[in-house]
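Heads up, the thing below is written out as structure tokens.
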């Protein structure tokens with residue numbers, strides 16, 4: 001069945017993975033200061049250069065190159081060239097060639113064009129980076145995604161890099177669009193998200209390599225063996241990696257039971273989806289993670305200029321294999337493991353563990369390190385282009401009028417109502433989903449609740465487009481023209497997610513017993529948290545158009561309440577610290593009082609005894625006075641000693657030895 005009156009013209013879906021990088025080298029922000037605006041570059045910088053010697057000019061150029069978008073593009077392209085050299089077939093590489101560098105070597109990555117709204121508001125434009133990589137349409141990777149997009153922003157205030165990778169996974173422009181194809185694409189996307197969430201979450205390079213990291217498996221995989229052995233999954237050599245087999249079998253069982261069993265595909269088509277789609281998902285995911293590691297290595301490097309110096313020479317990478325998707329998977333895994341996985345990966349040191357508290361702290365530290373390397377859960381962006389036949393006055397009226405559009409909206413915004421949530425135990429079968437969609441009717445009784453849901457999810461409404469979001473930050477955009485809106489929503493997500501990451505880092509430092517804490521520490525954390533709260537006067541990466549989107553994300557994500565709770569907890573700890581300081585001050589005052597008391601006590605004794613005849617001072621009255629004073633002094637010393645010992649024990653400075 002086609003959409004009524006051919007109202008739906010285009011459908012695009014992007015799957016996005018936000019990420020961030022902390023501890024960015026200050027050199028990059030110094031580099032950005034060299035070209036904050038065109039006036040500085042054209043008028044002031046030449047005058048500065050004219051007064052520098054050759055060595056200083058070289059240093060200035062090195063610093064300037066660090067944040068140049070074309071240099072970072074070449075750095076990422078080098079990583080892609082290495083990947084291409086180890087994957088694909090003789091006639092088909094993973095990616096399209098988008099140009100050539102100065103050595104006439106292929107460029108697989110290019111800068112994205114700046115949208116009109118970004119040109120109007122070009123503040124901080126030098127801090128925003130946008131690239132894309134086109135997947136070769138003849139490659140099996142194209143079954144999953146046609147393009148990889150990369151956005152990131154250098155945040156000087158917090159010294160972090162916030163960004164996002166996205167896959168363009170669906171791009172339908174048939175006229176008219178077939179309803180069943182649309183539902184099938186949306187369902188497959190949900191099924192893939194479910195599989196990734198259940199099998200390889202958290203999504204990190206370490207986690208994926210661990211799944212297949214059987215030394216026998218990778219070392220015994222002999223590329224020089226004959227093709228029959230290479231391509232036979234039942235050969236004993238592959239059975240040495242049980243983790244890989246479990247992952248692949250789980251995919252085969254899931255895709256067969258939930259989807260293929262309900263489709264009339266021939267065996268070749270089923271094999272394509274079971275095998276080629278699986279390797280497309282895994283390989284593209286690893287490529288994204290590899291590019292993330294490249295960015296992390298570069299922006300965390302103490303000497304990033306040395307990394308860029310490699311780009312001044314041709315790479316001369318010649319390898320061009322001819323292999324199947326499984327071989328690509330293995331070669332790519334091996335390459336990424338050798339290139340990016342550290343040999344000294346953080347592990348829990350059991351020798352340092354004395355009790356359960358030490359173990360818990362070490363486990364938390366280890367988990368935090370693993371989480372930092374991982375991508376966030378994927379976010380879906382669905383764009384629908386419809387015919388320009390009516391004015392967008394009410395989002396609920398429009399969706400209720402066009403029920404097929406409403407069903408697509410519901411699959412993304414309310415997936416739990418159809419059994420499509422990735423965090424559920426089971427995901428609905430495709431056949432059952434289609435039955436539910438066909439039988440779904442909007443009754444008068446349910447209309448009020450549906451209208452409330454639509455209004456609650458609404459982000460923006462104007463004459464040209466509608467947009468909606470759910471609590472998982474999945475977006476639906478309904479528009480009438482080809483206007484590029486996705487970039488703004490991606491930047492809004494990156495902006496919002498970066499605040500969540502900073503909040504998470506502050507919370508981790510606050511709960512980390514290894515971090516020294518004082519009033520200054522608490523004051524800095526409270527100030528940082530207050531700065532995270534939504535403010536219309538924030539810079540918003542220099543794109544004011546995302547303010548409304550960010551505010552809506554704040555409302556549904558409850559980040560403000562999370563910040564308020566953490567601020568309250570930190571203030572409580574700070575108050576306790578101040579009380580503890582007051583108690584310590586009182587103890588010091590008591591010690592000083594004791595010292596003064598000792599002086600007065602012995603002064604009294606010597607005053608009493610300092611007579612011409614000592615025996616005259618040893619009368620009954622003087623002895624009683626000295627005895628009472630000595631008793632009081634001894635009691636005071638005992639009380640102070642007891643409380644000092646108790647404080648030391650509570651603070652962990654003193655631990656009784658354990659009996660063996």
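In the UniProt record's numbering, the protein residues as written are 1 to 660.
In this text, a Cβ means the ideal position worked out from N, Cα and C, and glycines have one as well.
Item, Value
"Residue 87 - DSSP class collapsed to helix/strand/coil", "coil"
"Residues bridged to residue 99 (per DSSP)", "107"
"Straight-line Cα distance separating residue 447 from residue 290", "47 Å"
"Element boundaries [beta strand (DSSP E), containing residue 508]", "Premise fails: residue 508 lies in the alpha helix (DSSP H), 486–511, not in any beta strand (DSSP E)."
"Chain C contact for residue 510 (CB, 9 Å cutoff)", "No chain C appears in this structure, which consists of one protein chain only."
"Residues bridged to residue 16 (per DSSP)", "166 and 379"
"Element boundaries [alpha helix (DSSP H), containing residue 439]", "430–439"
"Inter-residue CB distance, residue 499 and residue 549 (contact presumed, cutoff 8 Å)", "No, residue 499 and residue 549 are not in contact; Cβ-Cβ is about 13 Å, not under 8 Å."
"Residue 128 (DSSP reduced to helix, strand or coil)", "strand"
"Bounding residues of the beta strand (DSSP E) (the contiguous stretch that carries residue 536)", "It is not in any beta strand (DSSP E) - residue 536 carries neither H nor E in the DSSP assignment."
"Local Cβ density within 10 Å of residue 642, reported as buried at 16 or more and exposed below that", "exposed"
"Nonlocal neighbours in the same chain, by C-beta distance under 7 Å from residue 127, ignoring five residues either side", "32, 153 and 154"
"Selected residue, minimal CA-CA separation from residue 466, among 145, 163, 398 and 86", "398"
"Sub-9 Å separation of residue 8 and residue 330 beta-carbons", "no"
"Residue 271 in three-state terms, based on DSSP", "helix"
"DSSP-derived helix/strand/coil call for residue 394", "coil"
"Cβ neighbours of residue 193 in the same chain (closer than 7 Å, five flanking residues each side left out)", "378 and 422"
"Segment contact, 8 Å Cβ cut-off, at least three pairs: the region 565–574 with the region 504–524", "yes"
"Range of the contiguous alpha helix (DSSP H) that encloses residue 182", "179–199"
"Contact between the region 576–587 and the region 482–500 (3+ Cβ pairs under 8 Å)", "no"
"Inter-residue spacing [alpha-carbon to alpha-carbon] between residue 306 and residue 565", "44 Å"
"Sequence-distant residues of its chain with Cβ nearer than 7 Å to residue 226 (five each side left out)", "For residue 226, the predicted model reports a pLDDT of 42, less than 50, meaning its position is unreliable and no value from the coordinates is stated."
"Per-residue burial, residue 595 [other beta carbons within 10 Å of its own, 16 or more giving buried]", "exposed"
"Per DSSP, cross-strand counterpart(s) of residue 465", "479"
"Inter-residue Cα distance where the pair is residue 64 and residue 102", "19 Å"
"Selected residue, minimal CA-CA separation from residue 506, among 490, 491, 520 and 524", "524"
"Residues that residue 161 bridges to, as DSSP identifies them", "21 and 154"
"Classification of residue 632 by the beta-carbon crowding that lies within 10 angstroms, buried from 16 upward", "exposed"
"Same chain, Cβ closer than 6 Å to residue 270, five either side skipped, listed in chain order", "260"
"Within 9 Å, strictly: CB atoms of residue 28 and residue 392", "no"
"Contact check, residue 150 vs residue 170, beta carbons under 9 Å", "no"
"Cut-off 8 Å between Cβ atoms - residues of its own chain near residue 518, not counting five sequence neighbours on either side", "577"
"Residue 105 to residue 15 span [Cα, whole Å]", "30 Å"
"Within 9 Å, strictly: CB atoms of residue 337 and residue 209", "yes"
"Between the CA atoms of residue 459 and residue 430 - distance to the nearest angstrom", "30 Å"
"Beta-carbon proximity of residue 129 to residue 136, cut-off 9 Å", "no"
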